[in-house]
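A.B. asks: If you scroll down you'll find the structure; I have some questions about it.
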Amino acid sequence: MQQLNKVTASAPGKVNLSLGVAELRDDGYHELDNVFQAVNLRETITLTRAEKMKITIGAASGINISEVPLNESNLAYKAVARVANLAENPSNVHIHIHKEIPVAGGMAGGSADAAAALLAANALFGARLNRAQFIYHAAQLGADVPFALQGNTARGFSKGDQLVDVICRSSLNFVMVTDENGLSTPEVFNRFDQITKTDHRAFDPTKLLQALQSANPYEVAECMGNDLEAAALDLRPELSDILRLERTHPSVLRAMVSGSGPTVMLLTPSAEHAVELCAELTKRGRNVMQCNTPGISARIEDSE
Ligand code: C5P
Numbered sequence: 058m059q060q061l062n063k064v065t066a067s068a069p070g071k072v073n074l075s076l077g078v079a080e081l082r083d084d085g086y087h088e089l090d091n092v093f094q095a096v097n098l099r100e101t102i103t104l105t106r107a108e109k110m111k112i113t114i115g116a117a118s119g120i121n122i123s124e125v126p127l128n129e130s131n132l133a134y135k136a137v138a139r140v141a142n143l144a145e146n147p148s149n150v151h152i153h154i155h156k157e158i159p160v161a162g163g164m165a166g167g168s169a170d171a172a173a174a175l176l177a178a179n180a181l182f183g184a185r186l187n188r189a190q191f192i193y194h195a196a197q198l199g200a201d202v203p204f205a206l207q208g209n210t211a212r213g214f215s216k217g218d219q220l221v222d223v224i225c226r227s228s229l230n231f232v233m234v235t236d237e238n239g240l241s242t243p244e245v246f247n248r249f250d251q252i253t254k255t256d257h258r259a260f261d262p263t264k265l266l267q268a269l270q271s272a273n274p275y276e277v278a279e280c281m282g283n284d285l286e287a288a289a290l291d292l293r294p295e296l297s298d299i300l301r302l303e304r305t306h307p308s309v310l311r312a313m314v315s316g317s318g319p320t321v322m323l324l325t326p327s328a329e330h331a332v333e334l335c336a337e338l339t340k341r342g343r344n345v346m347q348c349n350t351p352g353i354s355a356r357i358e359d360s361e
């Protein structure tokens, strides 16, 4: 078989329609029960065989990439290194990352990089990973990486990596209000531990799962919830200004912190409402991004 020199793959970002957090485990992770929803913002990774390992990065407008590490600690790099270890004829590669997902914004952009890099490296090196190996290595790279491979809608248990498919018939339209300064996920979980009462029970998504079977975003809006929201707000009190839109703006069905924040997701009744809301918030000086469902699984885009 002819050797490939260049492979491009992409993977979706996500929002958590619900994020239930339970106890802290011995390994430093929390038990979760959450509902992931992939969206149409995607990360694209291109791997090209090269003399030396190298990472470059580009981004859609409005995305601050200054905090993305361009060394061995980059998740895409780690994913490529894992696959290289399993392949018979690996090589050094130039990793180019194109970002559409806000950095450290609670939308799993780094996880999408890892998922796309796993797929691309598998194809480039002819490593022939099977499904179980993909899922294993994805979970080792990060709790959200298995979902970035799978996309669409899923319930995530354990540290978020044990996935069960969920039926979502609703087409959901979001305006994401991003923050130039990210929030650290471990810090938000730590704050959650500090401020949460011992009798706390993780958010129960049962009603949300039923609502997702309807095609009605109003029903979905009523059933969303995020146990990390209070912790994110505690660390970034300014977010409450945006969350207030839920009560004060007719186009906002629900305003909720996305994952561990600081991005806030605004669920709107339709794509038209989302476009208008984006324009309005941009005029008010906010950084906004429109996105919608579905967000399809990680996939190979091109190879040569
Ligand atoms: O797996 P990932 O690197 O994305 O997780 C980042 C951090 O977020 C973990 O080190 C942990 O502090 C926190 N986390 C958690 N419980 C989870 C997922 C993440 O406490 N289920």
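In the numbering used here, the protein residues as written are 58 to 361.
Using N, Cα and C, we set each Cβ at its ideal position, and we do this for glycine too.
If P319 sits next to G163, beta carbons under 8 Å apart, how far is it from one beta carbon to the other, in whole angstroms?
C.D. replies: Counting from one through the sequence shown, the residue named residue 319 turns up at place 262. Counting from one through the sequence shown, the residue named residue 163 turns up at place 106. Right, the Cβ-Cβ distance comes to about 7 Å (below 8 Å), so this counts as a contact.
A.B. asks: Since I believe A172 is in contact with V140 (beta carbons under 8 Å), could you give me their beta-carbon distance rounded to a whole number of angstroms?
C.D. replies: Counting from one through the sequence shown, the residue named residue 140 turns up at place 83. Counting from one through the sequence shown, the residue named residue 172 turns up at place 115. Not quite, the Cβ-Cβ distance comes to about 12 Å (not below 8 Å), so this is no contact.
A.B. asks: For the pair the stretch 319–335 and the stretch 184–203, tell me if three or more CB-CB distances fall below 8 Å.
C.D. replies: no
A.B. asks: Less than 8 Å between the beta carbons of E358 and L61, yes or no?
C.D. replies: Here residue 358 is taken as the residue at index 301 of the sequence shown, counted from 1. Here residue 61 is taken as the residue at index 4 of the sequence shown, counted from 1. Going by C-beta atoms, E358 is not nearer than 8 Å to L61.
A.B. asks: Using 7 Å as the cut-off, classify the Cβ of P126 as near or not near the heavy atoms of ligand 1, replying yes or no.
C.D. replies: Taking the sequence shown and counting its residues from 1, the one referred to as residue 126 is at position 69. No, ligand 1 has no heavy atom inside 7 Å of this Cβ.
A.B. asks: What separation, rounded to the nearest whole angstrom, lies between the Cα atoms of G115 and V125?
C.D. replies: For the purposes of this step, residue 115 is taken as residue 58 along the sequence shown, with counting starting at 1. For the purposes of this step, residue 125 is taken as residue 68 along the sequence shown, with counting starting at 1. Their Cα atoms are separated by approximately 11 Å.
A.B. asks: To which residues of the same chain is T113 closer than 6 Å at the C-beta, ignoring the five residues directly before and after it?
C.D. replies: If you number the sequence shown from 1, residue 113 lands on position 56. Closer than 6 Å at the Cβ level, and outside the excluded window around T113, lie H153.
A.B. asks: Please list the terminal residues of the continuous beta strand (DSSP E) segment that includes G115.
C.D. replies: Start at 1 with the first residue of the sequence shown, and residue 115 comes out as number 58. It spans 111–116 - the beta strand (DSSP E) in which G115 sits, taken as one unbroken run.
A.B. asks: What is the rounded straight-line gap between the Cα of M233 and the Cα of N187?
C.D. replies: Taking the sequence shown and counting its residues from 1, one reaches residue 233 at position 176. Taking the sequence shown and counting its residues from 1, one reaches residue 187 at position 130. Their Cα atoms are separated by approximately 35 Å.
A.B. asks: Thinking just about the alpha-carbon of each residue, which of A165, K135, V245, I353 is nearest to the one in P294?
C.D. replies: Taking the sequence shown and counting its residues from 1, one reaches residue 294 at position 237. The shortest Cα separation from P294 among A165, K135, V245, I353 belongs to V245.
A.B. asks: Classify I120 as buried or exposed, calling it buried when 16 or more other Cβ atoms lie within 10 Å of its own Cβ.
C.D. replies: By 1-based counting over the sequence shown, the position of residue 120 is 63. It is buried - the Cβ of I120 has at least 16 other Cβ atoms within 10 Å.
A.B. asks: Cutting at 6 Å between CB atoms, please list the residues of its own chain near A79, excluding the five before and the five after it.
C.D. replies: For this step, residue 79 is matched to residue 22 along the sequence shown. If we look at A79 and ignore the five residues flanking it on each side, its Cβ neighbours are E88, A259.
A.B. asks: Indicate the three-state DSSP secondary structure (helix, strand or coil) for Q59 in the structure shown.
C.D. replies: Stepping through the sequence shown from its first residue, residue 59 is reached at position 2. Three-state DSSP puts Q59 in coil, outside helix and strand.
A.B. asks: According to DSSP, R341 sits in a beta bridge with which residue or residues?
C.D. replies: Start at 1 with the first residue of the sequence shown, and residue 341 comes out as number 284. R341 has no beta-bridge partner at all, per DSSP.
A.B. asks: For a test of your reading of the model: does the CB of P243 fall under 7 Å from any non-hydrogen atom of ligand 1? Yes or no.
C.D. replies: For the purposes of this step, residue 243 is taken as residue 186 along the sequence shown, with counting starting at 1. Taking 7 Å as the cut-off, one finds at least one heavy atom of ligand 1 near enough to the beta carbon of P243.
A.B. asks: A211 by DSSP, collapsed to three states: which one?
C.D. replies: Working through the sequence shown from its first residue, we reach residue 211 at position 154. Strand.
A.B. asks: Just to check, is the beta-carbon of D83 closer than 7 Å to a non-hydrogen atom of ligand 1?
C.D. replies: Translated into the one-based positions of the sequence shown, residue 83 becomes position 26. Answer for D83: no, Cβ out of range of ligand 1.
A.B. asks: For ligand 1, is there any heavy atom lying closer than 7 Å to the beta carbon of D201?
C.D. replies: The residue labelled residue 201 in the question sits at position 144 within the sequence shown. Correct: D201 has its Cβ closer than 7 Å to ligand 1.
A.B. asks: Going by alpha carbons, who is nearest to R226 out of G166, R301, I299, L265?
C.D. replies: Mapped onto the sequence shown, residue 226 falls at position 169. It is L265 whose Cα lies nearest to the Cα of R226.
A.B. asks: When you compare each of Q270, N209, E157 to L98 by their alpha carbons, which one comes out closest?
C.D. replies: Taking the sequence shown and counting its residues from 1, one reaches residue 98 at position 41. Nearest C-alpha to L98 among Q270, N209, E157: E157.
A.B. asks: Could you check whether the Cβ of H257 sits closer than 7 Å to any heavy atom belonging to ligand 1?
C.D. replies: Taking the sequence shown and counting its residues from 1, one reaches residue 257 at position 200. No, the beta carbon of H257 sits no closer than 7 Å to any heavy atom of ligand 1.
A.B. asks: Per DSSP, which one or two residues make a beta bridge with E100?
C.D. replies: One-based indexing of the sequence shown puts residue 100 at position 43. The beta-bridge partner set that DSSP reports for E100 consists of A68.
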